[in-house]
Structures are given as structure tokens and as C-alpha cells.
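Numbering (the working numbering), first residue to last: 48 to 226.
Here it is in C-alpha cells:
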């Protein structure tokens, strides 16, 4: 590219401003974790939950959120770039939305193990999923703070504390709904 201040790498140098994408993005993982925690709080209020209901409580919101996220991200891309996404951008948008579906793997394993083994009820599985989601939110907050801050440990502690506050808001919702 002549006249450019950017170095010519020879690889896709005709594309201007193409962002580099991370393999896993914290944003949809955090949103999805809070959604799962909230659904578990609201759904666990019913003591007559069976394993089919628990599976629906995990899959339903996450599939709907993934589809809504894909739709809104696609429209946002078209709006900001004034063109349809090409192959790489389509793959990125699909992968970014699939993060919500990745969050269903561990809860579905917990529900499946409870169903097959009989060691815990569906209600117990929902409680376990909610607790693990809280811990996962804490890890995501700390890891995000670690990567975002120049002072790694301070960022990790601050990110973890913010994640705890968000998790406590959902926990307070649980206490309010139970009483």
C-alpha cells in the first residue's frame, strides 16, 4: 500500500481496520453466566422441577440469547460497515454468539449426571449450577481484570470484586423471591 503509514504485511493489507478477535470473549460469557444465574434463581423457586424442566431452563434462554445476539451483532456489523459480513466476519459473528451455547455444556452435564445417577434431584442440580455460575463469574471477572489492567493483580482483584457484586445482586434476588 503506497502512501500508508501502516507497514505492509502482504497479508490482507487491502482491509483497513480489521479487528483482531480473541478466541474466547469475556463479554458474552459474563452476560450468559448472569442470565443462567438469574434463570436458575427464578426457576429454582418451583420445587416441582424435573430434569426435563431443568434442561429447558438451561437451553431455552441460552438458545434465545444466542440467536438474538447473532441477529443484533449482524445488524450492527451491517450498520457500521455498510456491507454484509464476509466469510471471516460471518465466522466471527457466529462464534461470538456461540459463546452463549458453550455456557450450557457444564449445566447440561450436571443435569445429565443427576438424571442418570440419581445422586441428586433436579432442584439440587439447579442449585449446583447456580453456585458454579457464581464461581465462574468470579473467575471471569478476575481474568478480565487481569488482562485489562496495567497492574495485573490489582485488576484481577478489582474484576473479581465487581463480579462478586454482580453475583450478590442475583443472590439477593434469590433471597427476595424465596421469602
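Beta carbons are placed, not taken as given, at the ideal position from N, Cα and C, and that holds for glycine.
Note that the coordinates shown come from a computational prediction; the quantities given were computed from them, not determined experimentally.
Straight-line measurement puts the Cα of residue 105 at about 15 angstroms from the Cα of residue 77. Residue environment analysis places residue 82 among the buried positions, since at least 16 neighbouring C-beta atoms fall within 10 angstroms of its C-beta.
Straight-line measurement puts the Cα of residue 202 at about 37 angstroms from the Cα of residue 129.
Here the alpha carbons of residue 184 and residue 99 stand approximately 25 angstroms from one another. For residue 85, the secondary structure class from DSSP, reduced to helix, strand or coil, is helix. Contact between residue 80 and residue 189 fails: their C-beta atoms lie close to 13 angstroms from each other, not under 8 angstroms.
About 7 angstroms separates the CB atoms of residue 120 and residue 144; that is less than 8 angstroms, so the two are in contact. Listed in chain order, the non-local C-beta contacts of residue 199 below 6 angstroms within the same chain comprise 193, local neighbours out to five positions each way being set aside.
In this structure, the CA atom of residue 160 is about 10 angstroms from the CA atom of residue 154. About 21 angstroms separates the Cβ atoms of residue 187 and residue 111, ruling out a contact at the 8 angstroms cut-off. C-alpha of residue 117 to C-alpha of residue 95: approximately 34 angstroms in a straight line. In terms of Cβ geometry, residue 169 and residue 113 do not form a close pair [threshold 7 angstroms]. Of the residues 197, 162 and 221, the one whose Cα lies closest to the Cα of residue 178 is 221. Cα atoms of residue 107 and residue 208: separation of roughly 30 angstroms, rounded to the nearest angstrom. Using a Cβ distance threshold of 7 angstroms, residue 139 and residue 75 do not count as a contacting pair. Residue 176 holds the alpha-carbon nearest to the alpha-carbon of residue 86 among 176, 211, 213 and 212.
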